[in-house]
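Numbering (this note's numbering), first residue to last: 82 to 470.
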C-alpha cells in the first residue's frame, strides 16, 4: 500500500477490503471473521497501518457491543427450560473441564491460578454468536440445532459468570463492590426500559433501536470499567430485553431485531480487524505454533468427545449424532480473542502463549465448515432466529 495516500483513501480501501475480500474467500470455506483477523494482522505486521487508529477502535467497540447485545437477544429462556436437565449436566461437565484445565495449566504452564482459569475458559468456551449464526449452514436437523443452540448459550452464561468472578476475585472487597454494581445494573434495567416505553417512546417514535444500542453501550462501558470487558454489559441488556418481551414487545420486536442485525452486520468485522491489528510477528514463533498444535490435538477431541459421550449416556444417541453436535460447538473465536487480550493486558501473558491461543482459535473456527462439509457461516451478517431453530 502507498503510505502517502490520504487518510480518507486509506479508510475507503480498508472498508472495501474488509467487506469484499472475506466474501471472495468464503468459497474456500474460510469464515469471514478469520479473514478479517488476517487482514488486520497483515496491515499491522506488513504495513504498520491502523494499529493505534482511534476510528478503528471506536468501530470495533461498536462491533463487540452489538455482537453481545444480539447474542443476549438470541436467548430463549423457554428453550433452556425445556432441556434443563441435560443442560445442567452439560454445565456440570463444563465446570469440571474448566477446573481440570485450569489445574493442568497452573502446574504445566506456570500460570497463576486466576490466569490459568481464564486460559482454560478461552480453550473450552464456545463462541455463541458465531455458532448461532452457523446453524443454518451446518445441515443439522431441527433437534440437533436446538441442542447446539441451547448448549452454546448455557456455556456462555456460565463462562460470563466465571469470567466476572475470576477477574474480580483479587480480594473480597473488590468482588463485593463489583457484584453490587452488576446486581444494581440488572435491577435498574427493567424499570429504565419501562420508563422509556411509557414516558419517552410515545413522544419520540422510532427511537427504540437507538435507545437499546445506547443503553447497551453504557452498560458495556460500565462493565469494562469493572474489568470484565464490554461483552458482559451488552449481553445483560439483550437478556433484559428478552425477559421483558411480553410486557414491552416494542423493545424486542422483529423490526427492532432487524435493526440490531443490520447494525451488527456492519460493525462486527471491525472488531475482528482490530484483533488482527494487535497481533505481532513474534506472536507466531515456532514455540507458539508448537503449543497451538498441542492444544488443538488435546483440547478439540476432548470437547467433541465429551459432548458425544454425555449425550450417549443421557439420551442414548448414536456417537455420530453427538459428534456432529460436538463439532458444531467447537469454535471459540470471540471468547478466546477477548480472554487472550485480558490475559495479555492484565496478567502479562507470555507472547508464545498468547500466539498459541490466537492460532488455536483461528484453526478451530474453520473446522466445522470442513468437518461438516458445508459452507462456512457468514458471521459478519448475523441472522434473526428462525422458527423451529
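Beta carbons are placed, not taken as given, at the ideal position from N, Cα and C, and that holds for glycine.
Consult DSSP for residue 222 and reduce its assignment to one of helix, strand or coil.
-> coil
Nearest neighbour of residue 305, chosen from 195, 249, 98 [CA to CA] | 249
Candidates 108, 330, 332, 312: which alpha carbon is nearest residue 144's?
-> 312
How is residue 30 classed by DSSP in three states: helix, strand or coil?
-> Here the chain has residues from 82 to 470 only, and residue 30 is not among them.
DSSP three-state call for residue 285: helix, strand or coil?
-> coil
Using beta-carbon positions only, say whether residue 389 and residue 449 come within less than 7 Å of one another.
-> no
Leaving out the 5 sequence neighbours to the left and right, which residues in its chain are closer than 6 Å to residue 314 when beta-carbon positions are compared?
-> 300, 301, 303, 304
Measure the CB-CB distance between residue 117 and residue 354 and report whether it falls below 7 Å.
-> yes
Can you tell me which of the three DSSP states residue 272 falls into?
-> helix
Taking residue 123 as the reference, give the member of 320, 358, 287, 395 with the closest Cα.
-> 358
From which residue to which residue does the alpha helix (DSSP H) around residue 335 run?
-> 335 to 358
Using DSSP with H/G/I as helix, E/B as strand and the rest coil, what is residue 242?
-> helix
Are there 16 or more other CB atoms within 10 angstroms of the CB of residue 175, so buried, or fewer, so exposed?
-> buried
Is residue 335 buried or exposed, if buried means 16 or more other CB atoms sit within 10 Å of its CB?
-> exposed
Quick one: Cα of residue 278 to Cα of residue 397, how far?
-> 47 Å
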